[in-house]
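*Asks:* This structure is in C-alpha cells; I'll ask about it shortly.
Residue numbers (our numbering), protein chains in the order written: chain A, 98 to 525; chain B, 98 to 525.
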C-alpha cells in the first residue's frame, strides 16, 4: 500500500476521538455494574503491574526527561516530570489506598415511604465517563485512572505532552490491572496523540463524556472552562485567608499563621492573606509578622503593618486579590470580625478561610457568613485536602458551587438515581 | 433635557443587566443569612398580596390575552397564558405550601471527627443567584420566585414575552411580601424588558448568576444549553418506557400502562413506549393494545403488535426515539428483561422507566441496570414528580447527571460548605 493510500485509510483525529468516546461509553456501562470485588481486584493488579513494570516506566520517563531538558523546561517542571523508584512505589501504594476505600456505588443515601405505599430510595450511581486533562505530573495518570475506576466511571485521560511516554507506560499497567480482573481495557483510555487539537475535540464530545476535570495551571483551567460543552469540575483560585480575631490566643495564632502560609506554599490551601483585628494589633501583629519574616516569607502590609517592622513592604491594591503560591503574604489590620468577613467576601475566592479566636460568637459569625467551600475555626488552612478530610484520595478541590464543592473524592464522582418500588400504584 | 440627552444618559441594556446582577448578588448575601421565620413571613405576605392584588393581576392578564389573541396564539398557548380567580388562588396556595416546607439551608448533612480532633461538618448553603428563563405560564413567576426564596437564593426571572404584564403584576406581589418581611426587594427581580437580547446577556453573567434554570420547550432548552456560560439545570427529553415482563400480572400491567400513557399525555413522565416480553405476548399484548386503542390512543407497533389488532399502525425507526407528549404510543415485543434493558439504553432519555413484573430477579435487574433518573417497579411513570416524591413543589425535573438529577425541589437548589472546628491544629 502506498503512503497516500495509507493516509487515506487512516482515520481522522475526529474519528479516532469518536472511537475512544464510543468505547468509553460502552465500558462505562460494564463498569457501572461491576462488583466492588472486581474493581478492587483490578486496582490491586494495577498496583502490582506498576511495581513489576517499574523498569519500563523509568525508561520511558528517562526519554521524556531527555526531551524536556532539551526543550529547556524549568527545574521545577523537570522535578514534576521526574519519576524515581520511590515515586513509582508511591503511585502503586496510592492505587492500593484507593482500593481500600469504601465503594460509593450502590450506596443508598436516603429511603422513605409515601402515604400511597411507594417506597423510594436514592442510590449512588457512577457519573459515566470522566475526561481528565492534566499537565506534567505523570502520577496523575495512576491517581485519576484509579479514582475513576473505583467510582465505577470510565476515564479518558489526556496528560501533558512532556510526560507522554511516562503516562503511556503507567497507563499500560492500569490496563494490565483491568484485564487481570476481567474488566474492559477501554475503562481507562488515554489519548494516543500529543496533538493539541485532540483536547478541543474532547471538550465537545458531550455524547461520550459526562464531565471534564482539568488539573493544572490557570491557563489550562480557563481554556477548558471557556471551550467545554461538557460540565466541568475545576479548581480555579485558592486565595485563602487567616483572620486573627481580637479573641485569639497569640501562641495559637502564631502557629496557625506560619503553618497556613509556609508548610507548603504551592498548594491551593496555603494562606495568602493575614487579617489581624485592630483590638489586638498592638500585642499580636509584631510577633505574627516577625515569625513570617524570620521564616523567610516576604510580607506585604498595609500602613499599620508596615509600622511594626521596617522589612514589611507596602501592599498594593492587587495584593489582596493575589494567590501567590509562594513565600509571600499580604497583611492587613481590620476592625473586627465584621470587617474580616467583608474583606473575604470582596477579595476571597470562596476556597478556604480560617478564623483564630477563643470568642465563640465571633467564630460562629465567621463560619456562618464566610461563603467558602471550607471554613475553619482554630485550624490551619492547609487542612484543605481530601486526604485530611478522611475521604482518601482526591481528584482535586472544586471551587464550583454545583455538584462537588471542596475536595473531590470517589463519592463526589458519583450521581444518583431514584429507585421506586410499588405494588401497582397508578397516579390519580 | 433633550431627548438626545436623555438617551445618552439612559443606561444600555448591558448596564441595566449588570445592575440587576449586582443587586441580585448583594441580595443573595442577605438572603443566605435570613432566618427561616423571615423567609416564611415573606412567603405568607406574598401569598396575601397575590390574593389582595388579584384584580390588578387579572387586569394585567387581560391585556396580555388581548395582545396574544391579536397575534394569533394557539388555543393551547392561550390557555396556558390565561389567569382566573381559581388560578390566582392556586398560585397563592402554592406559595403557602412552599412556606410550609422544611428550610434546607443550614441543615447539617454529615458530621465526623478526624483522629487529630478536627470536627468536620457538611452544611447546606444556598447556591447564590438563580436565573430562571421560562415561557408562557405566568404562574411560574410565583412558583420559581418562592422556591428560590425558600432555599435562600436570589432569583432573576425572565418570563415569556406573552405574559409580560401578568408576570409583572405577580412579581409586584412577591416584592410586597419581601418588603413586608424586611428582606431586600432585589431578592426576586424580573427583567423589565421584552428584549430577547437580554436573555443572551443573562447567559453570560457568570459573575452575577450561579445557575440557570430554563423551563419550556425544546428550542428554549437547546438555546440556553448552547449559549450559556453558566451551569444549567435543565430537563430535555422524557422518552419514558413501560416494560411488561413475562412475570407481570395482566391486570396490573393494564392499569399501569393506561395510566402511564394517558393520565396526562403532556408531562415529561408520560410513557412513550410500551415493551412487552415475548413470553406473555400471546396473553398480554392484545388486552394492553386494546385498552390503549379504546381510550383513544394511537398505537404504532412492530410487526408482532400489528398482528394483534388491525388498528395498530406500523412504527417507523424514529418512533422508538420520539417523545410524543400526545395520545400516541410505540409498542414493541422484546425477548425478556435483557432485551428491554438494552432497548431502553439505546432509545431512552434517562428520565423515567418502569418494569411491571412479579419476578423479583427481573425487577432487580431492571432497577439496577436501567440508567435513568427514576426507575420504577410496579408503579406508573406518571409518579415522576417532585410533589409525588414528597419534596413539595419542584422547579422542574433534571435530566442532568451532575448536581441535581430527577425532581428539583428546594434541597436541590442548595450547595454545601464544610465547617471545620479545631483547637489549634496545624498540619504536619
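Every residue, glycine too, gets a C-beta built ideally from N, C-alpha and C. Quick caveat: nothing in here was measured; it's all calculated off a predicted structure.
1) So what's residue 500/B in DSSP terms, helix, strand or just coil?
2) Do the CB positions of residue 244/A and residue 285/A come within less than 8 Å of each other?
3) At 3 residues or longer, what runs of the beta strand (DSSP E) sit wholly inside the stretch 176 to 233 of chain A?
4) Tell me which same chain residues have a C-beta within less than 7 Å of the C-beta of residue 493/A, skipping the five on either side of it?
5) Taking the alpha helix (DSSP H) that residue 414/B belongs to, which residues open and close that run?
6) Is the distance from the Cβ of residue 337/B to the Cβ of residue 450/B below 8 Å?
7) Rounded to a whole number of angstroms, what is the C-alpha to C-alpha distance between residue 500/A and residue 196/A?
8) Output, in sequence order along the chain, the residues in the stretch 353 to 369 of chain B whose CB is closer than 7 Å to any CB in chain A.
9) Nearest-angstrom Cα distance between residue 434/A and residue 475/A?
10) What residues in the stretch 185 to 218 of chain A have a beta carbon less than 7 Å from any beta carbon of chain B?
11) Consider the Cβ of residue 124/B: report whether some Cβ of chain A lies at a distance smaller than 8 Å.
12) Note down the Cα distance separating residue 157/A from residue 163/A, rounded to an integer number of angstroms.
13) Are the stretch 374 to 385 of chain B and the stretch 480 to 498 of chain B in contact at 8 Å, needing three or more beta carbon pairs?
14) Thinking C-alpha only, which one of 219/A, 264/A, 160/A is nearest residue 188/A?
15) Would you call residue 366/B buried or exposed, if buried means 16 or more other Cβ atoms sit within 10 Å of its Cβ?
16) Looking at the structure shown, is residue 334/B part of a helix, part of a strand, or coil, going by DSSP?
17) With respect to the beta strand (DSSP E) encompassing residue 453/A, which residues constitute its N-terminal and C-terminal limits?
18) So residue 524/A and residue 477/B are in contact, right, with Cβ under 8 Å, and what is the actual spacing, rounded?
19) Would the beta-carbon of residue 418/B fall within 8 Å of that of residue 262/B?
20) I'd like the span of the beta strand (DSSP E) that includes residue 168/B, first residue to last.
21) Using 10 angstroms around the beta-carbon of residue 414/B, count the other beta-carbons present and answer buried if the total reaches 16, otherwise exposed.
22) Should residue 502/A go down as buried or exposed, given a rule of 16 or more other Cβ atoms within 10 Å for buried?
23) Taking buried to mean at least 16 other C-beta atoms within 10 Å of its own C-beta, is residue 183/A buried or exposed?
24) In angstroms with no decimal places, state the Cα-to-Cα distance between residue 242/A and residue 334/B.
25) Using 10 angstroms around the beta-carbon of residue 98/B, count the other beta-carbons present and answer buried if the total reaches 16, otherwise exposed.
26) Can you tell which of 237/A, 130/A, 181/A has the C-alpha that lies nearest to the C-alpha of residue 154/A?
27) State the DSSP-derived secondary structure class of residue 420/A, mapped to helix, strand or coil.
28) Residue 251/B to residue 135/B, Cα distance in whole Å?
29) With a cut-off of 8 Å, does the C-beta of residue 429/B fall near any C-beta of chain A?
30) Is residue 249/B near residue 353/A, with beta carbons less than 8 Å apart?
31) Please classify residue 93/B as buried or exposed, where buried requires at least 16 other C-beta atoms within 10 Å of its C-beta.
32) In the DSSP output, what is residue 522/A paired with across the bridge?
33) Can you say whether residue 235/A is buried or exposed, counting buried as having 16 or more other CB atoms within 10 angstroms of its CB?
34) Does residue 465/B get closer than 8 Å to chain A when you measure Cβ to Cβ?
35) Assign residue 389/B to one of three DSSP states: helix, strand, or coil.
36) Counting Cβ pairs, one atom from each stretch, are 3 or more of them under 8 Å apart for the stretch 218 to 234 of chain B and the stretch 506 to 520 of chain B?
*Replies:* In terms of the structure at hand:
1) coil
2) no
3) 205 to 210, 216 to 223, 226 to 231
4) 310, 312, 332, 505
5) Run containing residue 414/B: none; DSSP gives neither H nor E here.
6) yes
7) 24 Å
8) 353, 356, 360
9) 14 Å
10) 209, 211, 215, 217
11) no
12) 10 Å
13) no
14) 264/A
15) buried
16) coil
17) 449 to 453
18) 5 Å
19) no
20) Neither: residue 168/B is in no beta strand (DSSP E) and is coded neither H nor E.
21) exposed
22) buried
23) exposed
24) 32 Å
25) Because the pLDDT at residue 98/B is just 48, under 50, the model does not fix this residue reliably, and the point stays unresolved.
26) 181/A
27) coil
28) 15 Å
29) no
30) no
31) This structure leaves residue 93/B out entirely; chain B is present only between 98 and 525.
32) 476/B
33) buried
34) yes
35) helix
36) yes
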